[in-house]
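Residue numbering for the sequence shown follows numbering that gives the first Met the number 0, starting at 0 and increasing by one per position.
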Amino acid sequence: MSQRNLEALDVGAIREAFPILQREFNGEQLVYLDNAATTQTPDPVIDAMSDYYREYNANVHRGIHHLSQEASIAYEEAHDRVAEFIGASGGREEIVFTKNTTEAENLVAYAWGLNELGPGDEIVLTEMEHHASLVTWQQIGKRTGAEVKYIRIDDDGRLDMDHAADLITDDTAMVSAVHVSNTLGTINPVSDLVDIAHDHDALAFIDGAQAVPNRPVDVEAIDADFYAFSGHKMAGPTGIGALYGKKAVLEAMQPYLYGGDMITKVTYEESTWNDLPWKFEAGTPQIAEAVGLVAAIDYLEDIGMDRIEAHEQELARYAYEQLDAEPDVEIYGPEPGPDRGGLVGFNLEGVHAHDLASIMNDHAVAIRAGDHCTQPLHDKLGVAASARASFYVYNTTAEIDELAAAIDNARQLFA
Ligand code: 7TS
0 MSQRNLEALD
10 VGAIREAFPI
20 LQREFNGEQL
30 VYLDNAATTQ
40 TPDPVIDAMS
50 DYYREYNANV
60 HRGIHHLSQE
70 ASIAYEEAHD
80 RVAEFIGASG
90 GREEIVFTKN
100 TTEAENLVAY
110 AWGLNELGPG
120 DEIVLTEMEH
130 HASLVTWQQI
140 GKRTGAEVKY
150 IRIDDDGRLD
160 MDHAADLITD
170 DTAMVSAVHV
180 SNTLGTINPV
190 SDLVDIAHDH
200 DALAFIDGAQ
210 AVPNRPVDVE
220 AIDADFYAFS
230 GHKMAGPTGI
240 GALYGKKAVL
250 EAMQPYLYGG
260 DMITKVTYEE
270 STWNDLPWKF
280 EAGTPQIAEA
290 VGLVAAIDYL
300 EDIGMDRIEA
310 HEQELARYAY
320 EQLDAEPDVE
330 IYGPEPGPDR
340 GGLVGFNLEG
350 VHAHDLASIM
360 NDHAVAIRAG
370 DHCTQPLHDK
380 LGVAASARAS
390 FYVYNTTAEI
400 DELAAAIDNA
410 RQLFA
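Structure, rendered in structure tokens:
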């Protein structure tokens with residue numbers, strides 16, 4: 000991507016929409032590079048949620064009164080907007096709102112996995128799964144007798160697709176794979192994985208927590224049976240995520256949570272289930288958060304998902320090159336290119352990632368340090384922890400220079 004494209008995105012103007020970026024610590028302006036954990040929230044999202052509480056806060060699907068009607072319409076239409084955003088032509092029936100990506104994984108694991116899996120079945124994951132998927136399917140495996148297998152990664156942090164082709168067989172019932180690794184930055188060839196899964200009549204679940212915020216995603220082009228992401232990683236509020244599911248697959252599934260709103264008819268003996276997606280949305284849902292998520296989607300689409308992707312690729316390349324020039328910095332994951340997303344995980348020799356993050360924090364540079372909920376992957380990399388800088392639409396190359404300066408600082412302190 001050219002520099003011109005980067006400039007085409009007016010980062011200065013974008014930053015003005017994010018009040019939190021003005022914060023200072025120890026007299027230094029915040030440099031927020033922990034976007035893979037959670038992104039910051041722009042004024043239009045804050046305003047939309049504030050308007051909801053000021054103007055039309057009410058419970059949904061149960062009131063005849065004006066406020067409930069307005070809230071219900073906004074809440075229902077939020078499903079349509081999410082469907083449109085990720086290319087789900089089935090509309091609201093294919094979008095279930097959840098708390099986050101983790102809950103979407105659990106919904107499918109409980110509602111589909113517990114009922115459908117048994118001894119002899121296999122669940123295929125990748126070695127770079129987030130705990131949200133890894134721990135969930137591991138437990139479902141233990142409870143059902145299904146065996147969990149892992150597609151290997153190579154030394155560059157890419158999936159070994161030959162191994163995937165060997166591992167996925169007619170015994171495979173579910174392939175669950177991360178779209179973009181939150182630790183390595185690898186963008187996986189998920190539509191190829193889905194094709195292999197379908198060749199063997201297995202279902203495919205794609206964890207899009209690190210993909211939907213940063214690039215155009217078309218779930219039907221990927222052909223995933225399930226696809227999940229979180230609002231708080233895409234300029235939206237916490238407390239809301241979405242599970243996309245193909246209509247026929249969702250229809251065949253039992254509910255996950257029982258209670259109000261997810262039923263059609265209830266007697267003392269029996270209950271029948273509501274239509275999609277409400278069958279999977281028991282109880283009072285995240286109404287304000289759904290309103291906020293729509294505002295976030297509008298905000299991101301106004302900028303353009305392709306431009307956001309280009310901006311992040313550029314920042315990731317810049318950061319990679321800065322860090323790669325340091326002989327004592329080890330970077331994880333593939334080299335910059337079309338299959339690497341907007342984050343860089345690394346370690347500075349002789350300095351624990353937590354100490355590094357703490358020194359950076361003294362300079363108001365916020366990064367993540369730890370295992371990033373990928374402990375088995377860290378075991379495989381041979382480290383207990385790593386540091387990670389992750390970028391979003393409001394980050395600049397100047398902020399990456401500050402990251403590099405803070406690394407210099409840490410090196411001197413520990414020398
Ligand atoms: N999947 C991936 C790939 C993720 O990166 C995360 C969160 C999740 C699932 C879970 O998302 P949640 O919204 O349900 O929590 N990843 C991170 C991270 O890298 N640092 O903090 C959270």
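Each residue gets a CB set at the ideal place from its N, CA and C atoms; glycine is no exception.
Keep in mind the model is a prediction, meaning the values are calculated, not measured.
Check: P236: buried (16+ other C-beta within 10 angstroms of its C-beta) or exposed?; Outcome: buried
Check: Which residue comes first and which comes last in the beta strand (DSSP E) that contains A145?; Outcome: Taken as a continuous stretch (DSSP letters only), A145 belongs to no beta strand (DSSP E), as it is neither H nor E.
Check: Check the DSSP bridge columns for M173 and list the partner residues they point to.; Outcome: I122 and L202
Check: Ignore the nearest five residues each way along the sequence and tell me which others in W111's own chain have a CB closer than 6 Å to its CB.; Outcome: M252
Check: Given the structure, does S175 come close to the ligand 7TS, in the sense that its CB is under 7 Å from one of the ligand's heavy atoms?; Outcome: no
Check: Using the Cα positions of A409 and F204, report the straight-line distance between them to the nearest angstrom.; Outcome: 41 Å
Check: Do you know how far the Cα of W277 is from the Cα of L249?; Outcome: 11 Å
Check: Give the straight-line distance between the Cα atoms of D260 and T271, rounded to the nearest whole angstrom.; Outcome: 11 Å
Check: Pop quiz: L449 and Y331 are said to be a contact at Cβ under 8 Å. What is the actual Cβ separation, rounded to whole angstroms?; Outcome: The shown model of the chain, from 0 to 414, leaves out residue 449, and the question about it has no answer.
Check: So what does DSSP say about Y109, is it helix, strand or coil?; Outcome: helix
Check: How would the residue list near the ligand 7TS read, in chain order, if you kept each one whose beta-carbon is closer than 5 Å to any heavy atom?; Outcome: A35, A36, N99, T100, T101, H129, A131, V177, N181, D206, A208, Q209, S229 and H371
Check: Which residue marks the beginning of the alpha helix (DSSP H) containing V218, and which one marks its end?; Outcome: V218 to I221
Check: Throw me the rounded Cβ distance for the A281 and L256 pair, which I believe falls under 8 Å.; Outcome: 4 Å
Check: Going by C-alpha distance, which of D378, N99 and A73 is nearest H415?; Outcome: This structure leaves residue 415 out entirely; the chain is present only between 0 and 414.
Check: Quick one: what's A227 bridged to in DSSP?; Outcome: D206 and L242
Check: Where does E102 fall in DSSP's three states?; Outcome: helix
Check: Pick from Y74, I366 and A223: whose alpha carbon is nearest that of A403?; Outcome: I366
Check: Suppose the cutoff is 6 Å on Cβ atoms and the five residues either side in sequence are ignored; what does the same chain contact list for A36 look like?; Outcome: R367
Check: How many Å lie between M0 and K264 at the Cα?; Outcome: In this predicted model, M0 has a pLDDT of only 41, less than 50, meaning its place in the structure is not dependable enough to derive any value.
Check: Report buried or exposed for Q28, applying the criterion of at least 16 other Cβ atoms within 10 angstroms of its Cβ.; Outcome: exposed
Check: At what residues does the alpha helix (DSSP H) containing E334 begin and finish?; Outcome: It is not in any alpha helix (DSSP H) - E334 carries neither H nor E in the DSSP assignment.
Check: Is R53 buried or exposed, if buried means 16 or more other CB atoms sit within 10 Å of its CB?; Outcome: exposed
Check: CA-CA distance, E219 and D159?; Outcome: 24 Å
Check: On the CB-based measure, 16 or more other CB atoms within 10 Å of its CB, does A7 come out buried or exposed?; Outcome: exposed
Check: Got a sec, what are the start and stop residues for the beta strand (DSSP E) F345 sits in?; Outcome: L342 to L347
Check: According to DSSP, is D194 part of a helix, a strand, or is it coil?; Outcome: helix
Check: For the candidate residues D50, G240 and V193, whose alpha-carbon lies nearest to that of L66?; Outcome: D50
Check: So, helix, strand or coil for Q285, using DSSP?; Outcome: coil
Check: Confirm, please, whether the CB-CB distance from A223 to V438 is below 8 Å.; Outcome: For residue 438 there is no data in the structure shown, the boundaries of the chain being 0 and 414.
Check: For S1, name the three-state secondary structure that DSSP assigns.; Outcome: Caution applies to S1, whose pLDDT of 43 falls short of 50 and renders its modelled position unreliable; the value that the coordinates give is listed next. Coil, per DSSP.
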